[in-house]
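Chemist:
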Amino acid sequence: GQNIDQPTEMTATEGAIVQINCTYQTSGFNGLFWYQQHAGEAPTFLSYNVLDGLEEKGRFSSFLSRSKGYSYLLLKELQMKDSASYLCAVSPFSGGYNKLIFGAGTRLAVHP
Amino acid sequence: GAVVSQHPSRVICKSGTSVKIECRSLDFQATTMFWYRQFPKQSLMLMATSNEGSKATYEQGVEKDKFLINHASLTLSTLTVTSAHPEDSSFYICSARQGADTQYFGPGTRLTVL
């Protein structure tokens, strides 16, 4: 079956760094996505990893290890507006329609 | 990134009526769109994959006769919730795929069935 695990909740302080982990077990692998979702809004795309290693994009970085079925999203210089849910999603198929399997999401609360 | 719109953003209807939700890709063509449902504090659950010019592919447990999907053009997919009941109340989100993999999401539609 398909299984994606990430912590339910995390808290952090404004200006700090936080790492949100995601582990996955899927029937195939064609890439891993991170999305940010504020309450009552649709998810917004943050990053995409298909090869091992670290992808840096401003304050956000995402890491992937395919052999370990593991990814993390690193948020630096946290701001209050970063309080949101962070969704890890895996595309388990290559070709075809490439649907995404989502984890349950990690709710991050940033405090002053 | 690519822009996807949804209409309406919020709808309240009586039990037994049907509701249509539109999903449009505004600045790109999408041969594939996806429909998700999200209950409070839960993650997105894929309902169906909408393919332009062909029948939608539904996930296990999703009734295709209740959730009608039409993908009439490369920029428009519609989801119709037929004979809606209170348990259908949820946040419905569509996404459109640009390129090989990345999905961009619409702003969502909050459906409340009384």
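These protein sequence lines map, in sequence, to chains A and B. Counting from 1345, one number per residue, gives the positions in the first sequence under my numbering. Counting from 510, one number per residue, gives the positions in the second sequence under my numbering. Heads up, the beta-carbon is just placed ideally off N, CA and C, and yes, glycines get one too. This one's a predicted model, so the numbers in the text were calculated from it and none came from an experiment.
What residue ranges within the segment 529-611 of chain B form continuous alpha helix (DSSP H) runs of no fewer than 4 residues, ordered along the chain?
Modeler: none
Chemist: Taking Glu561 of chain B as the reference, which of B:His516, B:Ala605, B:Gly617, B:Gly570 has the closest Cα?
Modeler: Mapped onto the second sequence, residue 561 of chain B falls at position 52. Nearest of B:His516, B:Ala605, B:Gly617, B:Gly570 to Glu561 of chain B, Cα basis: B:Ala605.
Chemist: For a contact defined as C-beta to C-beta under 7 Å, what are the partners of Pro613 of chain B on chain A?
Modeler: Residue mapping note: residue 613 of chain B aligns to position 104 of the second sequence, counting from 1. The question names Pro, yet the displayed sequence has Tyr at residue 613 of chain B. The contacting residues are Phe1389.
Chemist: Taking the alpha carbon of Thr591 of chain B as the reference point, which residue from B:Ile530, B:Pro616, B:Thr618, B:Ala565 has its own alpha carbon closest?
Modeler: Position 82 of the second sequence, counting from 1, holds the residue named residue 591 of chain B. It is B:Ile530.
Chemist: Give the residues of chain B in contact with Ala1386 of chain A, contact being defined as C-beta atoms less than 7 Å apart.
Modeler: Residue 1386 of chain A sits at position 42 when you count from the first residue of the first sequence. What Ala1386 of chain A touches in chain B: Ile602, Phe614, Gly615, Pro616, Gly617.
Chemist: For Gly1402 of chain A, go through chain B and note every residue whose CB falls closer than 7 Å to its CB, in chain order.
Modeler: Translated into positions along the first sequence, residue 1402 of chain A becomes position 58. None at all; the shortest Cβ gap to chain B is about 14 Å.
Chemist: If you check the beta carbons only, do Glu1358 of chain A and Leu1444 of chain A fall under 8 Å apart?
Modeler: Within the first sequence, residue 1358 of chain A is the residue found at index 14, counting from 1. Within the first sequence, residue 1444 of chain A is the residue found at index 100, counting from 1. No. Outside cutoff.
Chemist: If you check the beta carbons only, do Thr1367 of chain A and Gln1380 of chain A fall under 8 Å apart?
Modeler: Position 23 of the first sequence, counted from the first residue, corresponds to residue 1367 of chain A. Position 36 of the first sequence, counted from the first residue, corresponds to residue 1380 of chain A. No, they are not a contact pair.
Chemist: Answer yes or no: do Thr611 of chain B and Ala539 of chain B have a C-beta to C-beta separation smaller than 8 Å?
Modeler: For this step, residue 611 of chain B is matched to residue 102 along the second sequence. For this step, residue 539 of chain B is matched to residue 30 along the second sequence. No, Cβ-Cβ distance for Thr611 of chain B and Ala539 of chain B is not below 8 Å.
Chemist: In whole angstroms, give me the CA-to-CA distance for Pro595 of chain B and Glu1400 of chain A.
Modeler: Residue 595 of chain B sits at position 86 when you count from the first residue of the second sequence. Residue 1400 of chain A sits at position 56 when you count from the first residue of the first sequence. If I take the Cα positions, the gap works out to 44 Å.
Chemist: Quick check on Val1454 of chain A: buried or exposed, where buried means 16 or more other Cβ atoms within 10 Å of its Cβ?
Modeler: Stepping through the first sequence from its first residue, residue 1454 of chain A is reached at position 110. The residue is buried, with at least 16 neighbouring Cβ atoms inside 10 Å.
Chemist: Contact defined as beta carbons within less than 8 Å: I believe Ser599 of chain B pairs with Phe548 of chain B. What is the distance between those atoms, to the nearest angstrom?
Modeler: Working through the second sequence from its first residue, we reach residue 599 of chain B at position 90. Working through the second sequence from its first residue, we reach residue 548 of chain B at position 39. Sure, about 6 Å apart at Cβ, within 8 Å.
Chemist: Does Lys1425 of chain A come out as helix, strand or coil in the three-state DSSP assignment?
Modeler: In the first sequence, counting from the first residue as 1, residue 1425 of chain A sits at position 81. Lys1425 of chain A: helix per DSSP, three-state reduction.
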